[in-house]
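*Asks:* In our numbering, the protein residues as written are 148 to 451.
1) Can you have a look at residue 267 and say buried or exposed, based on whether 16 or more other CB atoms are within 10 angstroms of its CB?
2) Comparing alpha-carbon positions, which option in 361, 214 and 343 lies nearest residue 331?
3) Checking the sheet assignment: what are the DSSP bridge partners for residue 220?
4) Would you list the one or two residues that DSSP bridges to residue 387?
5) Would you list, in sequence order, the uninterrupted beta strand (DSSP E) runs of no fewer than 3 residues that lie entirely inside the stretch 391-425?
6) Assign residue 165 to one of three DSSP states: helix, strand, or coil.
7) Mind checking which residues open and close the beta strand (DSSP E) that includes residue 244?
8) Hey, residue 255 and residue 246: beta-carbon distance below 8 Å or not?
9) Under the assumption that residue 152 contacts residue 196 (Cβ atoms under 8 Å), give the Cβ distance between them as a whole number of angstroms.
10) Would the stretch 272-291 and the stretch 400-415 be scored as touching if the rule is three or more Cβ pairs under 8 Å?
11) From residue 336 to residue 324, what distance separates their C-alpha atoms?
12) Check residue 180 in the structure and name its three-state DSSP category.
13) Would you kindly check if the distance between the Cβ of residue 292 and the Cβ of residue 420 is under 8 Å?
14) Between residue 317 and residue 380, which are expected to be in contact by the criterion C-beta below 8 Å, what is the C-beta distance as a whole number of angstroms?
15) Report buried or exposed for residue 235, applying the criterion of at least 16 other Cβ atoms within 10 angstroms of its Cβ.
16) On the three-pair Cβ rule with 8 Å, is the stretch 361-380 touching the stretch 412-428?
17) Over the uninterrupted alpha helix (DSSP H) stretch that includes residue 253, give me the two end residues.
18) Which residues share a DSSP beta bridge with residue 309?
19) Taking the beta carbon of residue 191 as the centre, do at least 16 other beta carbons fall within 10 Å, making it buried, or is it exposed?
20) Tell me the residue span of the beta strand (DSSP E) that contains residue 442.
21) Would you report the Cα separation of residue 261 and residue 241, rounded to the nearest angstrom?
22) Measure the alpha-carbon distance for residue 353 versus residue 442 and round it to whole angstroms.
23) Tell me the rounded alpha-carbon separation between residue 456 and residue 350.
Structure, rendered in structure tokens:
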């Protein structure tokens, strides 16, 4: 029997989890059943796709190629389902959304609550990833669309959502925290800026700002989250740099938090909803973009 779509789903799940047991849980099937299905597929193809061992499931070179092709097949099937289930409605079915970690937790909670209330037949499946992984997983079909910086996905179709400024935060006794109003690049001269690790695209923008301002990015500490670099800044380790959604959300939650906007074109980034040019979901994605745009505006325009 030829490989079934379900078998391809099992194979991809094993590739992503590295274990038969975890793949079985993800696909809601028993481990013996999943193992038998993979064995049947290997027998039909006449190739070993997975190396079984004490340390988990490792893909063979043929297995890697099979997973790559399986993802493309499953992506096309999802696209077909999307076309056939649209039924003239803008938001129905499920959309798989990838989003930057510096955006998702601050933009999506309010938007998803609204979507669930207004569109009961619509489901938004969300996963946070780095810019480079968003691009890869959009191409291989793991995501239907992503929220990211437009400049990093030039070959995809997109619609603008909002523009974010960058903000700074420092310890209470730092001159940056004791002043009011916007910050100019000249005000950051000599400062030690704290950023996320180099795997995050935002860190590249902050490095550019540091070079233009005569500041420098800390080589002693790289945060894994915006909360982490905020805490380090408040303890006097340097000046943290945040995007707008985080800065304004946290400033409203914590009245004692002092954040100041950097007034310079370098300290801005364009955030877009991005999808494959071949995607059949364009009408629904444009509708989703309207909701995301409104959610962002409610945060950004509510500036204190």
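All C-beta atoms in this analysis are idealised placements derived from N, C-alpha and C, irrespective of residue type, glycine included.
*Replies:* Taking the structure as given:
1) Exposed is the label assigned to residue 267, since fewer than 16 other Cβ atoms lie within 10 Å of its Cβ.
2) Nearest C-alpha to residue 331: 361.
3) Bridge partners of residue 220: none, in fact.
4) 316 and 341.
5) If we require 3 residues or more, the beta strand (DSSP E) runs fully inside the stretch 391-425 come out as 415-422.
6) Three-state DSSP puts residue 165 in coil, outside helix and strand.
7) Note, residue 244: beta strand (DSSP E), 240-246.
8) Yes. Within cutoff.
9) Actually they are not in contact, since the Cβ atoms of residue 152 and residue 196 sit about 16 Å apart, beyond 8 Å.
10) Taking a cut-off of 8 Å for Cβ pairs, the stretch 272-291 and the stretch 400-415 do not touch, as fewer than three such pairs fall below it.
11) Those two C-alpha atoms are separated by around 15 Å.
12) Residue state, collapsed to three classes: helix.
13) Result yes, Cβ atoms of residue 420 and residue 292 sit closer than 8 Å.
14) Correct: roughly 5 Å between the Cβ atoms.
15) Reliability fails at residue 235, whose pLDDT of 48 lies under 50, so the model's placement of it is uncertain and no value is given.
16) Contact fails: fewer than three Cβ-Cβ distances are below 8 Å.
17) That run of the alpha helix (DSSP H) goes 251-265.
18) Checking the DSSP bridge columns, you'll see residue 309 partnered with 418.
19) Classification for residue 191: exposed.
20) That residue, residue 442, is in no beta strand (DSSP E); its alpha helix (DSSP H) goes 429-447.
21) Those two C-alpha atoms are separated by around 15 Å.
22) C-alpha of residue 353 to C-alpha of residue 442: approximately 26 Å in a straight line.
23) Residue 456 falls outside the range modelled here, since the chain spans only 148 to 451, and no answer is possible.
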